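Peer 1:
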Amino acid sequence: MRSELSPRAKVALYGLLCVLSIPFLFPTWWMVTSSIKPISDIFAFPPQFIPRSADWSTYEKVFTLQPFAQQYWNSCYIAAIVTVGTMIVSSFAGYAFARIRFPGANLIFLVVLTGLLIPSEVTIVPLFQMFLKWGMVNTHWPLILVPIFGAPSVFATFVMRQFFIALPGELEEAARVDGLGRLKIFWTIALPLARPALAAVAIFTFLHSWNLYLEPIVFLTTPSNYTLPQALTQYVDVYQGPMWNIQLAAATLTAIPVLIVFIFAQRQFIEGLAHTGLKG
Amino acid sequence: MTTVQSRPFWTIERRDAVAGYLFIAPQLIGIVVFVLIPLGLVLYYSLHEWNVLAGTFRFVGDANYQRMLNDPALPEVLGATAIFSAGLVVFNMSLALLLAVLVNQKLRGITVFRTIFFSPVVVSLVAWTIVWSFLLQANGGINGILALIGIEGPNWLRMPTTAMISVIVVQVFKNVGLNMVLFLAALQGVPRELYEAARVDGASRFKQFRRITVPLISPTILLTAIITVVGSLQVFAQIAVLTQGGPGMSTTVLVYYLYQQAFQFHRFGYGATISILLFLIVAVLTVLQWQMRRRLVFYEK
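These protein sequence lines map, in sequence, to chains A and B.
The numbering of the first sequence is our numbering, which starts it at 308 and goes up by one.
The numbering of the second sequence is our numbering, which starts it at 14 and goes up by one.
1. Please go through the same chain and pick out, in chain order, the residues whose beta-carbon is closer than 7 Å to the beta-carbon of B:P260, but skip the five residues on each side of it.
2. Just checking, does the stretch 447 to 460 of chain A make contact with the stretch 32 to 46 of chain B on the three C-beta pairs under 8 Å criterion?
3. Along chain A, which residues have their Cβ under 7 Å away from the Cβ of B:I178?
4. Anything in chain A within Cβ reach of B:F276, meaning under 7 Å, just list it in chain order.
5. According to the Cβ coordinates, are B:Y208 and B:I225 closer than 8 Å?
6. Am I right that B:R258 and B:I252 are in contact with their C-beta atoms under 8 Å? What's the rounded C-beta distance?
7. Beta-carbon of A:L566 versus every beta-carbon of chain B: anything under 8 Å?
8. Closest by CA to B:K119, which one among A:K317, A:T335, A:R468?
9. Candidates A:L487, A:R483, A:G476: which alpha carbon is nearest A:L500's?
10. Roughly how many angstroms lie between the CA atoms of A:S531 and A:F569, to the nearest whole one?
11. CB B:F126 to CB B:V114, shorter than 8 Å?
12. Under the criterion of a Cβ to heavy atom distance below 7 Å, does A:L519 qualify as lining the ligand FMN?
13. If you measure from the beta carbon of A:G322 to each beta carbon in chain B, is any gap under 8 Å?
14. With 8 Å set as the bound, which would you pick, yes or no: does the beta-carbon of A:V369 sit closer than that to a beta-carbon of chain B?
15. For A:P549, list the residues DSSP reports as bridge partners.
16. On the three-state DSSP scale, how would you describe B:R71?
17. Kindly say whether A:Q575, judged by its beta-carbon, lies nearer than 8 Å to any beta-carbon of chain B.
18. Grab me the residues of B:V139's own chain with a C-beta within less than 7 Å of its C-beta, minus the 5 sequence neighbours each way, in chain order.
19. Who are the near neighbours of B:H61 in its chain, counting only those whose CB is closer than 7 Å to its CB and skipping five residues on each side?
20. Could you give the DSSP three-state label for A:Q515: helix, strand or coil?
21. Which same chain residues, not among the five before or five after B:G86, have their C-beta less than 7 Å away from its C-beta?
22. I'd like to know if A:V484 contacts chain B, where contact means its C-beta is closer than 8 Å to some C-beta of that chain.
23. List, in chain order, every chain A residue whose beta-carbon is nearer than 7 Å to that of B:L148.
24. Using beta carbons (cut-off 8 Å, strictly below), is A:P426 in contact with chain B?
25. What residue range is occupied by the uninterrupted beta strand (DSSP E) comprising B:M64?
26. Entirely within the stretch 362 to 432 of chain A and at least 3 residues each: give me those beta strand (DSSP E) ranges in chain order.
27. Determine which residues share a DSSP beta bridge with B:R11 and list them.
28. Curious, which full-length alpha helix (DSSP H) runs of at least 4 residues does the stretch 162 to 201 of chain B contain?
29. In this structure, does DSSP put A:M437 in helix, strand or coil?
30. Is the Cβ of A:R489 closer than 8 Å to any Cβ of chain B?
31. As an exercise, report each continuous alpha helix (DSSP H) stretch of at least 4 residues that is fully enclosed by the stretch 91 to 175 of chain B, in chain order.
32. I'd like to know whether the C-beta atoms of B:L149 and B:S179 end up nearer to each other than 8 Å.
33. Would you report the Cα separation of A:L560 and A:V543, rounded to the nearest angstrom?
34. Beta carbons nearer than 8 Å to chain B: which residues of the stretch 438 to 468 of chain A have them?
35. Please state the DSSP three-state secondary structure of B:L235.
36. Who are the neighbours of A:N518 on chain B, taking C-beta pairs under 8 Å?
See below:
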């Protein structure tokens with residue numbers, strides 16, 4: 308950004324960066340290390356930054372106390388369907404709003420944008436009633452249908468629209484002159500160019516679905532249907548006190564795979580998110 | 014009109030219009046079914062007394078709204094919501110800007126720090142909250158570390174002020190990386206010549222930051238502020254896991270209160286009324302911020 312820093316400034320800057328890193332790194336470290344501490348060491352003083360001894364039985368208990376493998380699968384498959392579904396719905400809608408001229412397009416776009424104004428918490432009561440009427444309470448349908456078609460997908464549509472607006476249109480025009488239909492133009496010309504925007508949509512849709520908490524606790528009632536965020540909080544003793552080491556082991560199993568994917572793909576992650584329509 | 018025979022009915026424009034409607038249909042139908050109809054129903058429910066357990070549903074006019082105006086808990090809930098949102102936005106935005114400026118420096122290994130600051134964004138929200146809840150226990154990690162340097166830490170989650178600080182801080186560290194990345198993208202868009210010119214004129218770094226950087230990235234600052242404020246009004250999981258709204262009602266924000274009334278006390282009618290209030294607050298804030306955009310935000314063109 309500007310001229311070279313003096314060596315002294317560099318040292319100060321590295322020092323500051325290291326100190327600032329602590330609250331971002333330490334919780335994850337503490338989660339992983341505490342999950343293998345024997346229960347007697349979990350609140351030990353002085354704090355054990357490196358565990359003295361490892362007790363892997365907590366990981367066994369994660370799976371025996373609850374159908375954790377099933378819950379893990381629930382979260383994975385719901386997030387996968389929601390991600391793919393949102394990519395399809397939002398890229399079609401985003402493309403149409405950006406490129407196709409049809410009567411009422413602007414008005415319809417405004418109607419769709421209201422989804423951004425209305426947080427899903429506002430509509431949770433009637434949504435619960437609707438899904439109750441359709442016999443879909445305690446199924447995964449609400450966690451799949453609402454994100455793909457409802458308010459959460461509007462942001463994705465907005466991002467796709469911004470991307471297609473900025474995309475030069477000559478290729479498409481040439482294809483139109485050759486008499487290609489819209490679907491074919493969209494599918495073979497426009498969509499392949501939209502990979503960066505689709506990647507960004509995929510990332511934040513996946514994270515949104517993976518983190519969903521209010522909806523699962525409202526809609527799901529049997530443990531084998533639970534998703535991960537909800538399942539994590541269910542490792543409690545008879546007095547409703549958290550079984551810390553087991554909760555932390557389950558949390559580790561939830562967090563670490565995504566973190567590993569992130570570390571390998573961090574450039575796509577960060578740049579993808581930075582280049583969404585958010586730049587204003 | 015006389016050329017009807019020579020022109021086919023399916024002109025390019027008509028084909029396009031049909032394609033357009035088909036392309037947007039899934040999204041539009043979804044918005045109508047899952048957003049607009051529910052919003053109408055919220056309004057309808059809010060005019061009814063609805064006790065799920067007793068199975069009663071009857072029209073009561075504005076009784077729920079009267080009740081909301083006289084609800085002794087509501088001022089406290091709104092106060093907690095305001096403190097939470099304001100604290101979150103101020104702390105989040107200033108930390109995000111600081112981190113963005115830092116990781117924008119030309120230093121070896123700076124991307125490592127960028128990755129570190131961003132990493133909590135991809136950690137599962139409830140997992141992150143559980144670890145912090147564990148750290149913030151009276152005999153937990155934070156107080157353990159404080160005790161090492163001779164400070165006796167409070168029981169963070171059991172006292173109103175520290176509980177509020179805790180939920181804000183936990184939320185900020187979770188998501189500040191997102192705002193940092195948005196600011197970073199904006200900072201990299203500021204033309205370098207401007208800084209060169211300012212240096213020639215002898216402007217200090219702080220002055221350069223205030224007079225060049227901040228005005229040029231102001232559209233991003235505003236957009237991030239909107240996203241952060243609206244997002245702060247939707248914070249639920251963190252409160253549910255960390256404090257359950259307590260101690261007392263000190264961290265019961267509006268969304269949590271809505272959840273309690275509707276799904277714990279089964280007062281759907283009153284819950285719907287609180288939803289309307291939440292909707293109005295979000296709508297007013299968003300419109301206000303878009304209005305401010307005109308006055309405060311600097312545009313290049």
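Glycine is no exception: its CB is placed at the ideal position from the N, C-alpha and C atoms.
On a predicted model such as this, the values are computed, not experimentally measured, just so you know.
Peer 2: On the basis of the coordinates in this document:
1. In the second sequence, the residue the question calls residue 260 of chain B occupies position 247. So the list reads R171, M172, P173, A176, once near-sequence residues are dropped.
2. Between the stretch 447 to 460 of chain A and the stretch 32 to 46 of chain B, the count of Cβ pairs shorter than 8 Å is three or higher; the stretches touch.
3. One-based indexing of the second sequence puts residue 178 of chain B at position 165. Within chain A, no residue comes near B:I178; the closest Cβ sits about 13 Å away, beyond 7 Å.
4. One-based indexing of the second sequence puts residue 276 of chain B at position 263. Going along chain A in sequence order, the residues near B:F276 (Cβ under 7 Å) are V525.
5. Against the second sequence, residue 208 of chain B aligns to sequence position 195. Against the second sequence, residue 225 of chain B aligns to sequence position 212. Yes, the pair counts as a contact, with Cβ atoms nearer than the cut-off.
6. Here residue 258 of chain B is taken as the residue at index 245 of the second sequence, counted from 1. Here residue 252 of chain B is taken as the residue at index 239 of the second sequence, counted from 1. This sequence places Gly at residue 258 of chain B; Arg is not what is there. Sure, about 6 Å apart at Cβ, within 8 Å.
7. Position 259 of the first sequence, counted from the first residue, corresponds to residue 566 of chain A. Yes - at least one Cβ of chain B is within 8 Å of the one on A:L566.
8. Walking along the second sequence from the start, residue 119 of chain B turns up at place 106. If we check each option's Cα against that of B:K119, A:K317 comes out closest.
9. Within the first sequence, numbered from 1, the residue matching residue 500 of chain A stands at position 193. Distances from the alpha-carbon of A:L500 to those of A:L487, A:R483, A:G476 put A:G476 closest.
10. Against the first sequence, residue 531 of chain A aligns to sequence position 224. Against the first sequence, residue 569 of chain A aligns to sequence position 262. So the alpha carbons of these two residues sit roughly 28 Å apart.
11. Within the second sequence, residue 126 of chain B is the residue found at index 113, counting from 1. Within the second sequence, residue 114 of chain B is the residue found at index 101, counting from 1. Between B:F126 and B:V114, the CB-CB gap reaches or exceeds 8 Å.
12. As presented, the structure is devoid of all ligands, the ligand FMN included, so that no description of it is given.
13. Your numbering for residue 322 of chain A matches position 15 in the first sequence. Between A:G322 and chain B, the shortest Cβ-Cβ separation is not below 8 Å.
14. Residue mapping note: residue 369 of chain A aligns to position 62 of the first sequence, counting from 1. A:V369 does not count as touching chain B.
15. For the purposes of this step, residue 549 of chain A is identified with residue 242 of the first sequence, where counting begins at 1. Looking at the DSSP assignment, A:P549 forms a beta bridge with A:V543.
16. Position 58 of the second sequence, counted from the first residue, corresponds to residue 71 of chain B. Strand, per DSSP.
17. In the first sequence, residue 575 of chain A corresponds to position 268, counting from 1. Judged by the 8 Å Cβ criterion, A:Q575 is not in contact with chain B.
18. Residue mapping note: residue 139 of chain B aligns to position 126 of the second sequence, counting from 1. A250, V254.
19. What you label residue 61 of chain B is simply residue 48 of the second sequence in a count that begins at 1. If we look at B:H61 and ignore the five residues flanking it on each side, its Cβ neighbours are F70, R71, F72, V73, G282.
20. For the purposes of this step, residue 515 of chain A is taken as the residue at position 208 of the first sequence. Per the sequence shown, the amino acid found at residue 515 of chain A is His instead of Gln. In the three-state DSSP reduction, A:H515 falls in the helix class (H, G or I).
21. In the second sequence, the residue the question calls residue 86 of chain B occupies position 73. The identity of residue 86 of chain B in the sequence shown is Ala, whereas the question assumes Gly. For B:A86, where only same-chain residues beyond five positions count, the Cβ hits under 7 Å are M262.
22. Your numbering for residue 484 of chain A matches position 177 in the first sequence. Under the Cβ criterion of 8 Å, A:V484 is not counted among the residues facing chain B.
23. Working through the second sequence from its first residue, we reach residue 148 of chain B at position 135. At a C-beta separation below 7 Å, B:L148 has these neighbours in chain A: P334, W337.
24. Locating residue 426 of chain A in the first sequence gives position 119, where the first residue counts as 1. It does: the Cβ of A:P426 has a partner Cβ on chain B nearer than 8 Å.
25. In the second sequence, counting from the first residue as 1, residue 64 of chain B sits at position 51. First, the residue type needs correcting, since residue 64 of chain B is Asn and not Met in the sequence shown. Where B:N64 is concerned, the enclosing beta strand (DSSP E) starts and stops at 61 to 64.
26. Fully enclosed beta strand (DSSP E) runs of 3 or longer: not present.
27. Because chain B here runs from 14 to 314, residue 11 of chain B falls outside it and cannot be looked at.
28. At a cut-off of 4 residues, the continuous stretches assigned as alpha helix (DSSP H) that sit fully inside the stretch 162 to 201 of chain B are 173 to 200.
29. Looking up residue 437 of chain A in the first sequence gives position 130. Residue state, collapsed to three classes: helix.
30. Translated into the one-based positions of the first sequence, residue 489 of chain A becomes position 182. Judged by the 8 Å Cβ criterion, A:R489 is in contact with chain B.
31. Entirely contained in the stretch 91 to 175 of chain B, the alpha helix (DSSP H) runs reaching 4 residues are, in chain order, 123 to 131, 138 to 148, 154 to 161.
32. Your numbering for residue 149 of chain B matches position 136 in the second sequence. Your numbering for residue 179 of chain B matches position 166 in the second sequence. Against a cut-off of 8 Å, the Cβ pair of B:S179 and B:L149 comes out as a contact.
33. Taking the first residue of the first sequence as position 1, residue 560 of chain A is located at position 253. Taking the first residue of the first sequence as position 1, residue 543 of chain A is located at position 236. Distance between the alpha carbons of A:L560 and A:V543 is about 18 Å.
34. Listed by position along the chain: L452, V453, I455, F456, G457, A458, S460, V461, T464.
35. Locating residue 235 of chain B in the second sequence gives position 222, counting from the first residue. In this structure, B:L235 counts as helix in the three-state DSSP scheme.
36. If you number the first sequence from 1, residue 518 of chain A lands on position 211. Here the neighbours are S137, L138, V139, A250.
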